[in-house]
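Working notes, beginning with the structure itself.
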Amino acid sequence: MRLKKILSLTLAILSGLTGRLDADMEKIRVGHFPNVTHAPVLVARAKQHFEEKFKETTPIKWSVFNAGPEAIEALFAGAIDILYVGPNPAVNGFIRSKGDALRVIAGVASGGAAFVVRQGTNIERFEDIRGRRVSTPQKGNTQDVSLIYRMKEKGLKPRSQGGDVEIFNIAGGDQITAFAKEQIDAAWTVEPWVSRLVSEANGKILFEEGELWPDAKYATTLLVVRRRFAERHPDWVERWVEGHVEIIHWVNDHTTEAKRIFNEELKRETGKPLPPDYLEHSFERITYTSDPMESQVLESARHASIVGYLGRNDADLSGLYELRFLDSVKAQEDEN
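Heads up: the sequence shown begins at 177 in this note's numbering, then just goes up one per residue.
Have a look at this one:
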């Protein structure tokens, strides 16, 4: 009886120590969105690609966000170490933190955004949105900057600035409802919502955002790291970038299987997969690439600055990119 008590006490102590070690073990905390432009990370998550690269020694904690600004706030709070996010939230986060919070370490996706109008509104040119109601996913996000910049180019202003275009910030599936109820007339948004607005809500694509960029190339999603995490764990960051490049290659080389895995993971994360035709159209509009697209991102930042999203002074973006991890991975690829 006494021996049983001793064994029980020993097991309890060991269990407590193990639990404390598990709690103290440093994790890699990763954020992403349930979007088609984030497909490589959803595929990687479903395949446990990064878990295999880090094994049980470094747990990975995943978090899902709906838009860039809230994800950047989580990174500011130290709750996220690695983040898949749009270029404008990344740039804005860099500037707000005076270059302290984050670094862009690779590209993820180019394309996938479009300006969709509700049929029956007689919007035939972008200028026809004068006096209309237009939406973007969130104030300050990548599509929001694109809309405001395009409006400025065409001499249009938001109603909040004395103009006559009313802008609403409506995320994801709520755009579908707003179109169906005729609460908005157009939306600058990104896949899968572009395809869903067309198929479910009587929308039509007025233009793809790629039509506004040289070679139709512009950044939709970037891979970002919290600066202090990168300084503390450069080996982990390089291993993550290595895994990131691998999964980009895999998605591009196994498109059919990647679509299936992505859709299964999307259903797990949101409760709803994409219908096959949406899935096909979405993937057709997006290029998955680890190319950091630095010149395109800096041009997008210039747009954000022009419309007043980056403060009154010219923003210093030197240091936004830290590409030594990607360069090292690419060099190893070239050697092999």
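By construction, the Cβ of each residue, glycine as well, lies at the ideal position given by its N, Cα and C atoms. On a predicted model such as this, the values are computed, not experimentally measured, just so you know.
Check, Outcome
"DSSP beta-bridge partners for residue 208?", "240"
"Does the separation of the CB atoms of residue 311 and residue 289 fall below 8 Å?", "no"
"Does the distance from the C-beta atom of residue 302 to that of residue 272 stay below 8 Å?", "no"
"Looking only at its own chain, which residues have a Cβ that is under 6 Å from the Cβ of residue 335, when we skip the five neighbours before and after it?", "342"
"May I ask which residues mark the beginning and end of the alpha helix (DSSP H) holding residue 412?", "410-429"
"Span of the alpha helix (DSSP H) holding residue 221?", "215-223"
"Which residue comes first and which comes last in the alpha helix (DSSP H) that contains residue 354?", "349-356"
"Note down, one range per segment and in chain order, each alpha helix (DSSP H) of at least 4 residues found wholly within the stretch 324-387.", "349-356, 369-376"
"Using 8 Å as the cut-off, can you tell me whether the stretch 278-294 makes contact with the stretch 390-403, which would need three or more C-beta pairs spanning the two stretches below that distance?", "yes"
"Measuring straight from C-alpha to C-alpha, what distance separates residue 332 and residue 481?", "17 Å"
"Less than 6 Å between C-beta atoms, sequence neighbours within five positions excluded: which residues of the same chain meet that for residue 200?", "Any answer about residue 200 is weak, because its pLDDT of 45 lies below 50 and its placement is not dependable; what the coordinates show is given next. Contacts found: none."
"If you compare alpha carbons, which of 440, 463, 417, 493 is closest to residue 506?", "417"
"Tell me, which residues are paired with residue 397 by DSSP?", "285"
"List the residues that DSSP assigns as beta-bridge partners of residue 291.", "364, 383"
"Here's the rule I'm using: 16 or more other beta-carbon atoms within 10 Å means buried, otherwise exposed. How should residue 231 be labelled?", "exposed"
"Could you pull out every residue in the same chain whose Cβ sits closer than 6 Å to the Cβ of residue 421, ignoring the five residues on either side in sequence?", "466, 505"
"Closest to residue 291 by CA distance: which of 367, 510, 435, 456 is it?", "367"
"State buried or exposed for residue 371, treating a residue as buried only when at least 16 other CB atoms are found within 10 Å of its CB.", "buried"
"Check whether the stretch 242-251 touches the stretch 261-279, taking contact to mean three or more Cβ pairs, one atom from each stretch, closer than 8 Å.", "yes"
"Using 8 Å as the Cβ pair cut-off and three pairs as the minimum, do the stretch 444-464 and the stretch 212-231 touch?", "yes"
"With DSSP as the reference, label residue 482 as helix, strand or coil.", "helix"
"What residues in its chain sit with their C-beta under 8 Å from that of residue 502, if we drop five residues either side in the sequence?", "281, 282, 417, 421, 466, 468"
"Look up residue 494 in the DSSP assignment and say whether it is helix, strand or coil.", "coil"
"To the nearest angstrom, how far is the alpha carbon of residue 428 from that of residue 464?", "7 Å"
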